[in-house]
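Undergrad: In my numbering, the protein residues as written are 51 to 199. C-beta: ideal position from N, C-alpha, C; glycine also.
(1) Taking the alpha carbon of residue 164 as the reference point, which residue from 85, 197, 121 and 195 has its own alpha carbon closest?
(2) Is it the case that the Cβ atoms of residue 124 and residue 77 are separated by a distance below 9 Å?
(3) Determine, using beta carbons only, whether residue 65 and residue 174 come nearer to each other than 9 Å.
(4) Could you say which of 190, 145 and 143 lies nearest to residue 105 if we only look at CA atoms?
(5) Note down the Cα distance separating residue 55 from residue 142, rounded to an integer number of angstroms.
(6) Taking Cβ positions, are residue 100 and residue 115 nearer each other than 9 Å?
(7) CB-CB under 8 Å to residue 196, same chain, minus the five flanking residues each way: which ones, in chain order?
(8) If you reduce the DSSP assignment to three classes, tell me which class residue 127 lands in.
(9) If you draw a straight line from the alpha carbon of residue 170 to that of residue 128, how long is it in whole angstroms?
(10) Just list the residues that DSSP pairs residue 34 with in beta bridges.
(11) Please specify which runs of the alpha helix (DSSP H), each continuous and at least 4 residues long, are wholly inside the region 93–127, giving them in chain order.
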């Protein structure tokens, strides 16, 4: 699973002009399920995101997690995180999980975050979405479950 986490002051996602998900302070999480991902990989990634210490403490240091701040998460499916550019300038996306499996894992990721006590909003899987955000910092963290043993 690949996740691009952005610390935000606010974020929203629109489909056909209508807001389908919106948060204040928290994390915008662009999520891509990859070929071979399973429930265990999703659960580990969601736990990792929930504990990611990228929010400021009283001394201004990045020392607090989303679970510490009471912030929210906006989870948006993003199969383009699977882009492979090794063969030229046109990206290939064959490493992304097939749509049905990708959606199930994406929804599981959101549910695991909710189970950790995080308020979660989502985009709409497979839709043409317009994402707006006010990046805080900016702080942007790339995570890939394949990078971790």
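TA: This is what the structure gives:
(1) 121
(2) yes
(3) yes
(4) 190
(5) 22 Å
(6) yes
(7) 84
(8) strand
(9) 16 Å
(10) Outside the shown range of the chain (51 to 199) lies residue 34, about which nothing can therefore be said.
(11) 116–119
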